[in-house]
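Here the structure comes first, spelled out in structure tokens, and everything after it is commentary.
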Amino acid sequence: MNLRRETFGLILMALIAAITLIVVVGLDRIPQNPEYHDFSDSIGYFWLPNALNVLSNIPFVVVGTYGLVWLFQNRANSLSIVKSNEIAYWIFFGGTTLVGLGSGYYHIAPNNETLVWDRLPMTVAFMAFYAIILCEFVSEKWFRLVVFPLLFFGVLSVFYWWISESQGVGDLRYYAVVQFFPMLTIPIILLFFKPKFTLVSGYWVLLASYMLAKLLEHFDSQFHELFGIVSGHSIKHVLPAVGILYLLHIYKTRKLVTLRPDHVN
252 MNLRRETFGL ILMALIAAIT LIVVVGLDRI PQNPEYHDFS DSIGYFWLPN
302 ALNVLSNIPF VVVGTYGLVW LFQNRANSLS IVKSNEIAYW IFFGGTTLVG
352 LGSGYYHIAP NNETLVWDRL PMTVAFMAFY AIILCEFVSE KWFRLVVFPL
402 LFFGVLSVFY WWISESQGVG DLRYYAVVQF FPMLTIPIIL LFFKPKFTLV
452 SGYWVLLASY MLAKLLEHFD SQFHELFGIV SGHSIKHVLP AVGILYLLHI
502 YKTRKLVTLR PDHVN
């Protein structure tokens with residue numbers, strides 16, 4: 252039964268991959284919309300411009316650092332991560348820390364040149380997270396080193412956008428793949444593949460927090476009008492950080508499920 256479920260999951264993922272490839276090849280270049288940098292809340296406090304959009308990134312730094320400390324303290328005896336893929340967890344929490352710094356830097360002076368330092372660490376954390384999911388659910392044997400090609404593609408997509416934008420032919424297509432392909436396939440993986448660890452809810456909570464954050468980002472000004480003090484974009488920063496904090500709590504409490512044949516220790 253599990254094999255049938257996983258086969259069906261693989262078929263769905265392959266179908267999404269094929270559709271993604273067709274869409275990317277068929278679409279024209281997607282330049283960065285200049286209005287992307289126009290946030291609803293641009294109020295500065297003291298010497299800090301766009302203060303809340305900058306300061307709301309602090310939770311990323313705190314949670315990412317907390318995750319790194321936890322990994323360091325438990326590096327010898329942790330049974331709640333895939334040891335053969337341990338580097339992906341380090342990159343994930345390290346990337347999360349850098350997201351806070353990079354996004355904070357971007358929001359001080361939002362433009363394409365600073366945006367690259369927001370997107371680079373975000374992509375690093377995102378690809379490491381996807382590698383963790385693939386290794387924990389699909390196959391440790393096949394995906395324990397997938398973090399490196401994923402990181403290569405993710406970083407390359409950011410630099411490709413950056414260079415193309417600087418040449419006046421901006422193209423976000425490949426960065427969009429990095430953003431949305433994992434979000435489309437992670438629910439399939441969680442639903443159709445057997446987990447290596449208990450307490451899968453941590454991944455669902457983080458996924459939901461990210462989806463809600465994208466909604467807040469899209470309706471930035473509307474939420475700003477609704478809440479008055481804080482904008483949707485500022486809340487967008489906090490929500491995924493809370494989701495990562497919850498995931499870290501899960502990492503600290505979850506247990507190993509029975510080993511699968513393709514899981515190599």
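All you need for the working numbering is the position in the sequence shown, starting with 1, plus 251.
In this text, a Cβ means the ideal position worked out from N, Cα and C, and glycines have one as well.
Using CA coordinates, which residue listed in the options is at the minimum distance from residue i?
i             : options                           : result
glycine 318   : Lys506, Val276, Gly419 and Ile501 : Ile501
aspartate 289 : Val456, Leu498, Met434 and His358 : His358
proline 400   : Ala379, Ser417 and Phe410         : Ala379
valine 375    : Leu254, Leu407, Ile495 and Leu467 : Leu407
glycine 453   : Lys445, Val493, Leu467 and Val508 : Val493
alanine 459   : Phe259, Lys487 and Asp369         : Lys487
valine 350    : Val313, Met264, Leu299 and Ile439 : Val313
serine 287    : Val420, Gly345 and Ala360         : Before going further, note that residue 287 is tyrosine rather than serine in the sequence given. If we check each option's Cα against that of tyrosine 287, Ala360 comes out closest.
glycine 355   : Trp455, Ala464, Asp369 and Thr436 : Asp369
Work out the CA separation of residue j and residue i for me, nearest whole Å.
i              : j              : result
serine 291     : aspartate 422  : 25 Å
proline 310    : alanine 268    : 33 Å
isoleucine 414 : tyrosine 461   : 27 Å
valine 489     : isoleucine 495 : 10 Å
glycine 260    : serine 331     : 25 Å
arginine 395   : leucine 306    : 35 Å
proline 491    : lysine 506     : 24 Å
isoleucine 439 : isoleucine 294 : 41 Å
valine 398     : tyrosine 340   : 10 Å
glutamate 416  : arginine 280   : 10 Å
Helix, strand or coil for residue i per DSSP?
i                 : result
phenylalanine 448 : strand
leucine 463       : helix
leucine 261       : helix
leucine 330       : coil
leucine 371       : helix
leucine 442       : helix
leucine 423       : coil
histidine 500     : helix
leucine 402       : helix
histidine 514     : The predicted position of histidine 514 is uncertain, since its pLDDT is 44 and thus under 50; no value can be drawn from it.
Is the region 275-284 close to the region 439-458, with three or more CB pairs under 8 Å? no
Are three or more beta carbon pairs between the region 326-338 and the region 383-395 nearer than 8 Å? yes
Entirely within the region 267-301 and at least 4 residues each: give me those alpha helix (DSSP H) ranges in chain order. none
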